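Below: one structure, written as structure tokens.
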Amino acid sequence: MNRPLRLLIALMLAGGAVALLVALISYAPAQVAGASPSGVNLLGGLGAHLAHGLIGIFGIAAFLPPVVLVAMAGVVASGVPWDTAARRLTGSVLLMLVAPALVHLLPLWRWSDRLQQHWDQQQLAGLGGALGYYLCGPVANPADPTYVGGLLVRQVDTGVAALILTAAAIGCLALIDLGLVGLMRRAWRAFVDYQPAASAPEPNRRLTPAFADVPAAPKARTTTSIKEITRRLVESESIPADAEDLVARIRERRLAIERGESGEADVPVAAVTTAAPTPVVARPDTDPPIDEAMPGGAPSALSEPTPPPVAVAAAPAPKKKAAPRRPEIGSSYHLPPVDLLEEVPGRRATESELEKVQTGKTIEEVFSHFAISVKVVAARRGPVITMYEIQLLDNSMRVNKVEGFEKDLSLKLGTEGIRIVAPLPNKKTIGIEVPNKVKEAVVMRDLVEQIDAASMTLPLILGRDVVGNPMVGDLAKMPHLLVAGATGTGKSVCMNAMICSVLLFRGPDEVKFIMVDPKMVELAGYEDIPHLLTPPITDMTKAHAALEWACRTMDERYFALRLVGVRDIKAYNDLGEEEIRTRLAKKGKSLDDLPGMQVRLPYIVVLVDEYADLMMVNKEVEKSIIRLCQKSRAAGIHVILTTQRPSADVVTGLIKSNLPARICFRVADKNNSRVVLDAGGAENLLGRGDMLFLPPGMNSLVRGQGVWVKDKEIEAIIEHAKSQGEPQYDESIVSAGAVSMVGGGGSGEAKTSEWLQDRQFHEAVQSMYRYNRTGADFFRRKLNVGYNKATAFVEMLEDLAFLGPQKGTAAREILKSWDDWIELLKANGLTWEEDDELYHNPVEIRS
């Protein structure tokens with residue numbers, strides 16, 4: 100119903116109420132019996148008859164119908180949801196019907212003899228009208244009323260009085276929109292949770308042998324009864340595996356207590372804990388359960404609410420036992436202890452129930468102003484954001500009409516950073532993310548103790564989502580990650596958190612890093628940790644050489660995987676040295692024939708701090724990065740790119756298509772958000788760690804608060820890693836390929852060997868024989884390289900006697916055949932495989 104129509108109906112109802120009120124005020128009994136009634140009542144004969152009928156039916160409660168009409172007018176004009184309007188209307192009508200009965204039962208204070216003389220007993224019985232008389236019946240003894248403390252008490256049936264008072268109470272609850280079901284639920288919860296403040300009984304000594312395997316709790320720790328622990332375990336729906344035996348004994352003991360075998364005993368609460376919540380990244384399409392229902396209405400059945408795990412540990416909470424951090428592989432490297440991280444802040448920040456109710460009502464009012472009827476069915480608080488779930492009351496309403504109200508909600512709620520998720524994944528509700536007034540820090544230690552890192556290959560701790568569940572990703576499954584955000588929004592903190600995650604859970608025999616740091620200071624602190632293959636690279640010329648080395652290493656690993664008959668690096672590492680040598684022997688090969696290969700291959704993480712700076716120095720690095728992202732997953736090489744300038748010329752379409760996992764912090768405008776996430780929303784984030792995460796293979800964004808790692812925590816982790824051993828740098832990573840960037844350097848055999856190790860030089864030779872053409876312009880167009888490098892290709896081919904000299908404007912002559920090129924590779928110690936994709940030439944070469 101649109102606003103003008105609502106106002107018109109409200110005006111008509113208010114006019115009717117005013118007319119009835121005027122007729123009642125100007126009513127006198129003589130108006131109906133007299134000769135000319137129209138001359139006395141202000142509304143004439145019609146008004147006199149209306150007033151006479153209302154007073155005859157309702158008695159002195161006849162003034163309630165105008166009040167009900169005014170209330171209906173206000174409800175219609177305010178545009179409240181239809182279910183709320185119907186509830187309030189029902190309450191008003193119910194009160195209007197029972198009001199005559201209440202008047203009939205009304206005891207009057209004995210003010211004075213004059214008042215008693217004015218109202219004789221017959222008139223007093225008629226105050227409730229005909230409706231009150233038929234509902235309550237006649238007075239038992241009208242001539243002899245009983246006074247108690249100055250009050251006139253009517254002798255009426257007690258059951259009738261109880262029914263009338265109950266109906267009046269229900270009408271009041273419905274009128275003020277206070278849910279009876281919610282009241283009963285809260286009253287029952289308060290009754291169940293109530294425990295007398297008496298000292299705990301002495302524990303039953305007979306329980307000691309049965310619970311000998313349970314660690315004893317400190318004496319200062321509070322205890323909870325068996326019934327209470329059982330109730331909480333049942334409500335939590337999450338029992339850890341190591342507590343099954345304890346729970347079985349608890350249930351047996353409870354049955355014994357119910358049979359009266361012994362008194363109730365106490366069990367230390369510290370012996371029972373609940374499982375940690377599942378990380379959201381493992382199933383990004385699964386929305387967390389509703390843990391806090393909005394008062395005034397039960398949660399919607401359409402949302403299928405599930406109670407979350409309930410922590411039953413008493414205060415002070417015992418320290419959590421850290422989960423297994425990685426499978427043992429016989430390495431002498433000791434992982435950093437969790438004690439290097441700071442403790443979790445003592446108490447979690449919360450908001451009062453009244454604030455949540457007020458925010459929910461404001462949300463409903465904002466939508467009602469635009470003729471959209473919604474109802475807030477749940478509110479779930481996270482560290483920085485509270486998620487309010489709303490349900491459309493009009494099933495014919497389109498969901499896209501709800502989108503776009505962020506600014507209106509921000510204006511009414513007086514905050515920024517509001518985001519609408521329409522609809523929530525796997526639910527029939529719409530989510531509205533509202534920032535909390537009191538924010539909570541997300542620290543590393545709390546997450547380290549909750550997650551199960553042993554089930555992940557390269558765990559990355561990202562933070563917590565809007566309802567407080569851990570956000571953890573496995574880089575091996577992503578398999579590459581793009582992080583974007585403006586300066587000061589938390590991008591560098593996120594990068595350090597990801598590095599520290601790997602250092603906390605994986606040793607240098609399992610993962611290696613190549614760090615590119617154009618800023619020269621962001622990653623300088625990680626120098627000399629044993630996980631590095633090379634010191635942090637600050638020279639962009641060497642950065643391109645490192646990317647070229649990663650591409651060559653990828654090809655070498657794929658060649659080794661093919662020889663041993665496996666598909667990925669995990670299967671290769673699971674074979675073991677004996678099995679690898681056996682399979683290589685069947686192919687007539689050995690480990691000595693595979694330079695650089697090991698029995699156990701570590702994962703390699705290529706981390707580029709500022710990708711835009713690298714692109715500005717040399718745009719050809721994009722081709723190497725794209726090739727790595729396309730093929731390196733099975734080879735165990737993963738790429739993490741970060742940028743603070745997420746424009747279309749930096750984050751190109753090929754980069755986005757090959758980096759499926761993306762994190763975006765606050766950006767300048769919607770265009771930058773669309774470049775990174777293919778959707779808007781990042782421009783409205785709060786900053787300081789507020790982020791949107793796009794899991795791989797998913798279309799829905801996950802909002803969360805990034806984990807905060809302090810500088811002294813990072814320094815402690817780095818110092819521990821350095822104390823375990825020194826790094827083994829590979830100088831060939833940054834030296835090989837440097838010549839290919841500048842097109843010079845060295846002479847004679849060294850220069851030839853360096854050029855032959857350049858992958859793009861091989862591609863140039865292939866293109867030359869495939870199309871029987873050459874020249875700098877040809878190489879630029881086919882290989883997408885710069886003019887200097889294309890010219891260097893031509894000059895090197897001329898030095899190797901594969902091309903003739905320049906003769907005016909004519910094309911250079913190709914002097915040697917493809918077979919001569921193969922012989923040159925073999926002479927320089929490079930193997931040639933007919934099936935190798937790198938050297939495959941499908942076109943027949945003319946001699």
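Heads up: take any position in the sequence shown, counting from 1, add 99, and you land on this note's numbering.
For each residue, glycine too, the CB sits at the ideal point set by N, CA and C.
Bear in mind the structure is a predicted one, so any value in this text is a computation, not a measurement.
At which residues does the alpha helix (DSSP H) containing residue i begin and terminate?
{"i": "D789", "result": "Run containing D789: none in the alpha helix (DSSP H); it sits in the beta strand (DSSP E), 789 to 793."}
{"i": "M867", "result": "858 to 870"}
{"i": "H579", "result": "No alpha helix (DSSP H) contains H579, which DSSP labels as neither H nor E."}
{"i": "V547", "result": "543 to 547"}
{"i": "T960", "result": "The requested residue 960 does not occur in the structure, where the chain is confined to residues 100 to 946."}
{"i": "T458", "result": "452 to 468"}
{"i": "V169", "result": "163 to 177"}
Let's test the definition: count the other Cβ atoms within 10 Å of the Cβ of residue i and tell me whether it reaches 16, buried, or not, exposed.
{"i": "Q905", "result": "exposed"}
{"i": "Q222", "result": "With a pLDDT of 44 at Q222, under the threshold of 50, the modelled position of that residue is not reliable, and the figure given next carries that caveat. Exposed, by the Cβ-count rule."}
{"i": "V541", "result": "buried"}
{"i": "I124", "result": "exposed"}
{"i": "H468", "result": "exposed"}
{"i": "L574", "result": "buried"}
{"i": "A767", "result": "exposed"}
{"i": "L453", "result": "exposed"}
{"i": "S431", "result": "exposed"}
{"i": "C271", "result": "exposed"}
{"i": "A623", "result": "exposed"}
{"i": "G472", "result": "It is Ser, not Gly, that sits at residue 472 in the sequence shown. Buried, because 16 or more other Cβ atoms sit within 10 Å of the Cβ of S472."}
Could you check what DSSP says for residue i in three-state terms: helix, strand or coil?
{"i": "G587", "result": "coil"}
{"i": "R761", "result": "strand"}
{"i": "G824", "result": "coil"}
{"i": "S402", "result": "With a pLDDT of only 37 at S402, under 50, the local geometry of the prediction cannot be trusted, and no value is derived from it."}
{"i": "F612", "result": "strand"}
{"i": "M195", "result": "helix"}
{"i": "P534", "result": "strand"}
{"i": "G143", "result": "helix"}
{"i": "V488", "result": "Reading off the sequence, residue 488 comes out as Glu, not Val. Strand, per DSSP."}
{"i": "K474", "result": "strand"}
{"i": "P524", "result": "coil"}
{"i": "R480", "result": "strand"}
{"i": "I519", "result": "strand"}
{"i": "I679", "result": "helix"}
{"i": "V774", "result": "helix"}
{"i": "T556", "result": "coil"}
{"i": "R304", "result": "At R304, the pLDDT of 35 sits below 50, so the modelled position is not reliable and the matter cannot be decided from this model."}
{"i": "V252", "result": "At V252 the pLDDT is 44, less than 50, meaning the model places this residue with poor confidence and gives no usable figure here."}
{"i": "G780", "result": "coil"}
{"i": "Q804", "result": "strand"}
For residue i and residue j, I'd like the C-alpha separation in whole angstroms.
{"i": "S834", "j": "V738", "result": "21 Å"}
{"i": "K947", "j": "Q804", "result": "Residue coverage of the chain in this structure runs from 100 to 946, which leaves residue 947 outside it and unanswerable."}
{"i": "L580", "j": "P794", "result": "10 Å"}
{"i": "G231", "j": "L188", "result": "21 Å"}
{"i": "E442", "j": "R544", "result": "7 Å"}
{"i": "Q827", "j": "L646", "result": "19 Å"}
{"i": "F901", "j": "F878", "result": "15 Å"}
{"i": "G928", "j": "W648", "result": "18 Å"}
{"i": "D608", "j": "V437", "result": "20 Å"}
{"i": "R563", "j": "V801", "result": "10 Å"}
{"i": "V704", "j": "L713", "result": "17 Å"}
For the beta strand (DSSP E) holding residue i, just list the boundary residues, first then last.
{"i": "R656", "result": "Note, R656: premise wrong, no beta strand (DSSP E); alpha helix (DSSP H) at 639 to 663."}
{"i": "I724", "result": "Looking at the DSSP string, I724 is not in any beta strand (DSSP E); the run it does join, the alpha helix (DSSP H), is 720 to 730."}
{"i": "P569", "result": "569 to 573"}
{"i": "T742", "result": "736 to 742"}
For chain C, is any of its Cβ atoms less than 7 Å away from the one on residue i?
{"i": "R544", "result": "Protein chain content of the structure displayed is limited to a single chain, and chain C is not contained in it."}
Does the region 742 to 759 come within contact of the region 719 to 730, defined as at least 3 CB pairs closer than 8 Å? yes
At least 3 beta-carbon pairs within less than 8 Å: the region 561 to 578 vs the region 787 to 806: yes
I want to know whether the region 505 to 525 touches the region 460 to 477 - three or more CB-CB distances under 8 Å. yes
Between the region 783 to 790 and the region 579 to 596, can you find at least three pairs of beta-carbon atoms closer than 8 Å? yes
The region 585 to 604 in contact with the region 758 to 776 per 3-pair CB rule at 8 Å: yes
For the pair the region 679 to 689 and the region 711 to 726, tell me if three or more CB-CB distances fall below 8 Å. no
Using 8 Å as the Cβ pair cut-off and three pairs as the minimum, do the region 550 to 560 and the region 594 to 605 touch? yes
The region 140 to 159 touching the region 109 to 117, judged by at least three CB pairs closer than 8 Å: no
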